Amino acid sequence: MKYLIKKTSFTFLSLILALNIYSQSELSRITVQENNFVTEEGKTIIFRGLNTSDPDKLESQKHWNKAYFQEIKNWGGNLVRFPVHPTAWVKRGKENYLKLLDDGIKWAAELGMYVIIDWHSIGNLRTEMYQHDMYDTTKKQTFDFWRTIASKYGDNSTVAFYELFNEPTTFNNQLGTITWQQWKELNEEMITIIRANGGKGIPLVAGFNWAYDLTPVKENPVNATGIAYVSHPYPQKREKPWEEKWTDDWGFIKEKYPLILTEIGFCGPEDPGAHIPVISDESYGDSITSYCDHKEISYMVWVFDPQWAPRLFEDWNFTPSRHGKYFKKKLKSYKY
Amino acid sequence: MKYLIKKTSFTFLSLILALNIYSQSELSRITVQENNFVTEEGKTIIFRGLNTSDPDKLESQKHWNKAYFQEIKNWGGNLVRFPVHPTAWVKRGKENYLKLLDDGIKWAAELGMYVIIDWHSIGNLRTEMYQHDMYDTTKKQTFDFWRTIASKYGDNSTVAFYELFNEPTTFNNQLGTITWQQWKELNEEMITIIRANGGKGIPLVAGFNWAYDLTPVKENPVNATGIAYVSHPYPQKREKPWEEKWTDDWGFIKEKYPLILTEIGFCGPEDPGAHIPVISDESYGDSITSYCDHKEISYMVWVFDPQWAPRLFEDWNFTPSRHGKYFKKKLKSYKY
Amino acid sequence: MKYLIKKTSFTFLSLILALNIYSQSELSRITVQENNFVTEEGKTIIFRGLNTSDPDKLESQKHWNKAYFQEIKNWGGNLVRFPVHPTAWVKRGKENYLKLLDDGIKWAAELGMYVIIDWHSIGNLRTEMYQHDMYDTTKKQTFDFWRTIASKYGDNSTVAFYELFNEPTTFNNQLGTITWQQWKELNEEMITIIRANGGKGIPLVAGFNWAYDLTPVKENPVNATGIAYVSHPYPQKREKPWEEKWTDDWGFIKEKYPLILTEIGFCGPEDPGAHIPVISDESYGDSITSYCDHKEISYMVWVFDPQWAPRLFEDWNFTPSRHGKYFKKKLKSYKY
Ligand SMILES: [Mg+2]
Ligand SMILES: [Mg+2]
Ligand SMILES: [Mg+2]
Ligand SMILES: [Mg+2]
Ligand SMILES: [Mg+2]
Numbered sequence: 001m002k003y004l005i006k007k008t009s010f011t012f013l014s015l016i017l018a019l020n021i022y023s024q025s026e027l028s029r030i031t032v033q034e035n036n037f038v039t040e041e042g043k044t045i046i047f048r049g050l051n052t053s054d055p056d057k058l059e060s061q062k063h064w065n066k067a068y069f070q071e072i073k074n075w076g077g078n079l080v081r082f083p084v085h086p087t088a089w090v091k092r093g094k095e096n097y098l099k100l101l102d103d104g105i106k107w108a109a110e111l112g113m114y115v116i117i118d119w120h121s122i123g124n125l126r127t128e129m130y131q132h133d134m135y136d137t138t139k140k141q142t143f144d145f146w147r148t149i150a151s152k153y154g155d156n157s158t159v160a161f162y163e164l165f166n167e168p169t170t171f172n173n174q175l176g177t178i179t180w181q182q183w184k185e186l187n188e189e190m191i192t193i194i195r196a197n198g199g200k201g202i203p204l205v206a207g208f209n210w211a212y213d214l215t216p217v218k219e220n221p222v223n224a225t226g227i228a229y230v231s232h233p234y235p236q237k238r239e240k241p242w243e244e245k246w247t248d249d250w251g252f253i254k255e256k257y258p259l260i261l262t263e264i265g266f267c268g269p270e271d272p273g274a275h276i277p278v279i280s281d282e283s284y285g286d287s288i289t290s291y292c293d294h295k296e297i298s299y300m301v302w303v304f305d306p307q308w309a310p311r312l313f314e315d316w317n318f319t320p321s322r323h324g325k326y327f328k329k330k331l332k333s334y335k336y
Numbered sequence: 001m002k003y004l005i006k007k008t009s010f011t012f013l014s015l016i017l018a019l020n021i022y023s024q025s026e027l028s029r030i031t032v033q034e035n036n037f038v039t040e041e042g043k044t045i046i047f048r049g050l051n052t053s054d055p056d057k058l059e060s061q062k063h064w065n066k067a068y069f070q071e072i073k074n075w076g077g078n079l080v081r082f083p084v085h086p087t088a089w090v091k092r093g094k095e096n097y098l099k100l101l102d103d104g105i106k107w108a109a110e111l112g113m114y115v116i117i118d119w120h121s122i123g124n125l126r127t128e129m130y131q132h133d134m135y136d137t138t139k140k141q142t143f144d145f146w147r148t149i150a151s152k153y154g155d156n157s158t159v160a161f162y163e164l165f166n167e168p169t170t171f172n173n174q175l176g177t178i179t180w181q182q183w184k185e186l187n188e189e190m191i192t193i194i195r196a197n198g199g200k201g202i203p204l205v206a207g208f209n210w211a212y213d214l215t216p217v218k219e220n221p222v223n224a225t226g227i228a229y230v231s232h233p234y235p236q237k238r239e240k241p242w243e244e245k246w247t248d249d250w251g252f253i254k255e256k257y258p259l260i261l262t263e264i265g266f267c268g269p270e271d272p273g274a275h276i277p278v279i280s281d282e283s284y285g286d287s288i289t290s291y292c293d294h295k296e297i298s299y300m301v302w303v304f305d306p307q308w309a310p311r312l313f314e315d316w317n318f319t320p321s322r323h324g325k326y327f328k329k330k331l332k333s334y335k336y
Numbered sequence: 001m002k003y004l005i006k007k008t009s010f011t012f013l014s015l016i017l018a019l020n021i022y023s024q025s026e027l028s029r030i031t032v033q034e035n036n037f038v039t040e041e042g043k044t045i046i047f048r049g050l051n052t053s054d055p056d057k058l059e060s061q062k063h064w065n066k067a068y069f070q071e072i073k074n075w076g077g078n079l080v081r082f083p084v085h086p087t088a089w090v091k092r093g094k095e096n097y098l099k100l101l102d103d104g105i106k107w108a109a110e111l112g113m114y115v116i117i118d119w120h121s122i123g124n125l126r127t128e129m130y131q132h133d134m135y136d137t138t139k140k141q142t143f144d145f146w147r148t149i150a151s152k153y154g155d156n157s158t159v160a161f162y163e164l165f166n167e168p169t170t171f172n173n174q175l176g177t178i179t180w181q182q183w184k185e186l187n188e189e190m191i192t193i194i195r196a197n198g199g200k201g202i203p204l205v206a207g208f209n210w211a212y213d214l215t216p217v218k219e220n221p222v223n224a225t226g227i228a229y230v231s232h233p234y235p236q237k238r239e240k241p242w243e244e245k246w247t248d249d250w251g252f253i254k255e256k257y258p259l260i261l262t263e264i265g266f267c268g269p270e271d272p273g274a275h276i277p278v279i280s281d282e283s284y285g286d287s288i289t290s291y292c293d294h295k296e297i298s299y300m301v302w303v304f305d306p307q308w309a310p311r312l313f314e315d316w317n318f319t320p321s322r323h324g325k326y327f328k329k330k331l332k333s334y335k336y
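Chains as they are written, first to last, in full-length UniProt numbering: chain U, 1 to 336; chain R, 1 to 336; chain G, 1 to 336.
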């Protein structure tokens, strides 16, 4: 059946995991209560925060450090999202990548911020076709990623959320087909795996159209309790006025389930990296933040990096961009 | 969402593709009209032509050049088929293999010949088991191949046909099982991917028994318009007299759909590489060509290479083999 | 269609296989008759024997030799099981690993012992998640393994059994989900592949809970004749008294089908590598062997290696462990 070497290493691994758990569990565990996120003390909490770029990219450029997290805190975030690109995960290797996550989770916890771990692929997990090679993964690898994350961080309350798959899309069938039923079942499989491996965080489920569209949830929700849904309502997904369309497309979710917009943001057409669907102006910022504040929807701004777009700052003095100025002011205005 | 480097490269790629398209679109686009192939001018066209060996093999031996295509033209072909072996695709690498195809398509177009790009695997795509390691591929790789071909050559009218999978077979279950329904759905997925990526050519669908048997199409055709079917009726697939059996097995298709026999051919038992099911004599040539001419079925002869079998020529002076003499004379006799 | 090099190598391979077959087929072919194993002479045969460690491990340590097999024979075995770990298969390479199997099968035959080839993975073949990286495989690789084994040893009567997948388990959903119906279909696919490739041995099918639980067979047996079932009833799978529970969980199978317990064994809590579920004492040995003898159930003891657990001997003089003393005496007591 088993043999000596194997049993020994298993036991040793369990010990390591146990030690990790108790040194890092400092924040109050977040759970789902009806359509809200609540702390262990029963307090409803609304999240606003920032997306980092890929930890692998930041570490390579010597910016994966406590100062970077301190700056996110200074801007007013209470949640930080780590977009783990599958190809970065493979390139750096599982063990080495987990060290980056260990550090980031520790710094976030020390500053009182929660973490979303986001499997940052874009495409069709059923056909295993993606928008770009950097998003390439397989069902097998995706399942293994969540098994690994759940075993490693399942008891760590800082890691409040597992975002199962960043942006599901068929790219108008360029990446082949997938039905909502098939996508729902893949999410259910990931949730089962996470929970069986001890993951106590909240799974986040996205819909098609690059994580914009949640309309199929109305008829056919994911069969799991204690989860939340995600949308990425960038400005050009819809024409102004946005509010009614947002309600129809994803806002209705908040009547029944907790909701986080894990990516919002804008830039002007002249800004570096400007591309559909992110081009807009401050009026978008006003609309989306009012909409969220009114309905108590959590949101995260993309992206705290000067080379990705829409960038929130322009240089490594963290000089805010136009986009950054808007959201720095807004995030700092909240009294939690 | 996306970041700078990616958007830039995407835009640059689009530009390259656009340039390619307009420099090479010279032949009239072929489409399906009822059970025929027609040009933009509405003229019905029947194809006869030759199979190259793998472009990777020809290039390695310094024979992938315009002279080779000129010789195919001299023999009377109006269509040329490129059998792309999955392992050659992987070995040479996508970018380098596409350069071979670029050249071949350009030479064909300059000589007024159309092209079939053929994903030259033999086996069971569902279980991913193949007759030989050289045919090894996966569903994921096959889908990606067609996405690549459609994006690159979708507007290029020379590339008239996409042959989705050369020879489907379970090898009498040695390669596991697959039902017609499962095979049909895999073809439908490939057709959807091709068209979503801009592929304007005609998808070619083959049946089991090494692309011989199309009988399931009668009850359960592939759910797509604008496609054609394929058979490979080598002489030993059936005993003489062939004609009624051919009609029952695949000829009936032509009553409703366009049909191309993308591989026919024969050699004597003493010829190099003689093997079941290709051993026969000129009487097979007479039967199959009469049958096709009578029903206006297109056909392609295997193979324009002196080392593969049944070979059409014996040396690089293009000295016709017995098989080659027969088909060179026949192809040159058509007045289009 | 095909080309010269390929046909030549195919024919040559067939020749090699044919030669192998006739030099090694010495033992009487075992088949299934109702719920028994029978020889060509119609004699019912009950198997008892030993598990080797992985042939790759033994060869690396210079113990894969005839003396090792002679010792198994001395201990009273009439059947020997080779646990082929997928990662060892990949690391050594198919051709080289087959040489190990060739030798082992030859030595077993010379000593009048039969062989089980066991694909030694532990986990969920549907999601392709495993208990440990050393068990990592894919459906594609597993199918190819059985195709290879069936083509190579299908006519070799020494290779009496093909154990399709050592220990199926979801590890309480840590490895994702799989239904009995899905597992049954995977087994049926493997059986089809084996038989289509000429495998004349008997496929062995295991159930969930690390090959312990066969209860779903009652309602929904594998759809194939001429097969047998497997259980691994280590002592701690159930509390004493065991007998009724064993009958409910897997013993009932023997009323209708042949059954082999391909792994049994125990060690004391102080023995090296002691781990759940193998810790027990001689009372387990008495219970399981009486149970099997009474019902004519075949069984195999784990494991004939001094470094894996529960070990049957302590050093390379083959000094029996406590566990080994028990089973050496028991096995030698049978009069076949
Ligand atoms: Mg979509
Ligand atoms: Mg994104
Ligand atoms: Mg077939
Ligand atoms: Mg062929
Ligand atoms: Mg289980």
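In this text, a Cβ means the ideal position worked out from N, Cα and C, and glycines have one as well. All values derive from a computational prediction rather than experimental measurement.
Query	Result
Using the Cα positions of K140 (chain G) and R147 (chain G), report the straight-line distance between them to the nearest angstrom.	11 Å
To the nearest angstrom, report how far apart G324 (chain R) and L312 (chain R) are at their CA atoms.	4 Å
Under three-state DSSP, which class holds S283 (chain G)?	helix
Measure the alpha-carbon distance for F318 (chain G) versus E71 (chain G) and round it to whole angstroms.	8 Å
Determine the contact status of T158 (chain U) and A228 (chain U), defining contact as a CB-CB distance below 8 Å.	no
Quick one: what does DSSP say R48 (chain R) is sitting in, helix, strand or coil?	strand
Thinking C-beta only, is G77 (chain R) closer than 8 Å to G49 (chain R)?	yes
Determine the extent of the alpha helix (DSSP H) in which A211 (chain U) is found, giving its start and end residues.	208 to 211
Please identify the residue among G:P83, G:D155, G:P258 whose C-alpha is closest to the C-alpha of E34 (chain G).	G:P258
Hey, S121 (chain G) and N166 (chain G) are a contact pair by Cβ (cut 8 Å); roughly how many whole angstroms apart?	6 Å
Classify residue 347 (chain R) as helix, strand or coil using the three-state DSSP reduction.	Nothing can be reported for residue 347 (chain R): it is not among the residues displayed for chain R, which extend from 1 to 336.
Chain G beta carbons: is any one of them nearer than 8 Å to that of N172 (chain R)?	yes
Return helix, strand or coil for T289 (chain R), following the three-state DSSP convention.	helix
Can you give me the start and stop residues for the beta strand (DSSP E) that A228 (chain U) sits inside?	228 to 230
When we look at the beta-carbon of residue 392 (chain U) and count the other beta-carbons within 10 Å, is it buried (16 or more) or exposed?	As shown, chain U starts at 1 and ends at 336. That puts residue 392 (chain U) outside it, with no answer to give.
Quick one: grab the DSSP three-state call for P86 (chain R).	helix
For C292 (chain R) versus Y299 (chain R), is the C-beta spacing smaller than 8 Å?	yes
Looking at L186 (chain U) and R126 (chain U), is the spacing between their C-beta atoms short of 8 Å?	yes
Give the interface partners of D144 (chain U) over in chain C, defined as CB-CB distance under 7 Å, in chain order.	Of the protein chains in the structure, U, R and G, none is chain C.
Quick check: the Cα distance between T289 (chain R) and T179 (chain U), rounded to an integer number of angstroms?	45 Å
List the endpoints of the continuous alpha helix (DSSP H) containing E95 (chain U).	94 to 110
Find the residues of chain R that neighbour T137 (chain G), judging by a C-beta separation of less than 8 Å, and give them in chain order.	In chain order: nothing, as chain R lies at least about 13 Å away.
Taking 8 Å as the threshold (C-beta atoms), are N51 (chain G) and R81 (chain G) in contact?	yes
Excluding the five sequence neighbours on either side, which residues of its own chain have a C-beta within less than 6 Å of the C-beta of F161 (chain R), listed in chain order?	I116, G201, I202, L204
Just checking, does the region 92 to 106 of chain R make contact with the region 88 to 105 of chain G on the three C-beta pairs under 8 Å criterion?	no
Flag T179 (chain R) as yes if its beta-carbon sits less than 8 Å from any beta-carbon of chain G, otherwise no.	no
Measuring CA to CA, which of R:E296, R:A88, R:W75, R:F69 is closest to S60 (chain R)?	R:A88
Can you tell me the Cβ-Cβ gap for H232 (chain U) and E263 (chain U), rounded? I've got them flagged as a contact below 8 Å.	4 Å
For Q24 (chain R), which of helix, strand or coil comes out of DSSP?	Per-residue confidence for Q24 (chain R) stands at a pLDDT of 46, beneath the threshold of 50, marking its modelled position as unreliable; no derived number is given.
Is R147 (chain U) helix, strand or coil when you go by DSSP?	helix
Run through chain U and tell me which residues come within less than 7 Å of G176 (chain G), C-beta to C-beta.	F143, E189, T192, I193
Would a check of beta-carbon distances place R147 (chain R) closer than 8 Å to chain U?	yes
If distances are taken between C-alpha atoms only, which option among G:N124, G:P306, G:D271 comes closest to E189 (chain U)?	G:N124
If you scan the region 179 to 256 of chain R from start to end, which runs of the alpha helix (DSSP H) of 4 or more residues do you find wholly inside it?	180 to 196, 208 to 211, 216 to 219, 243 to 249
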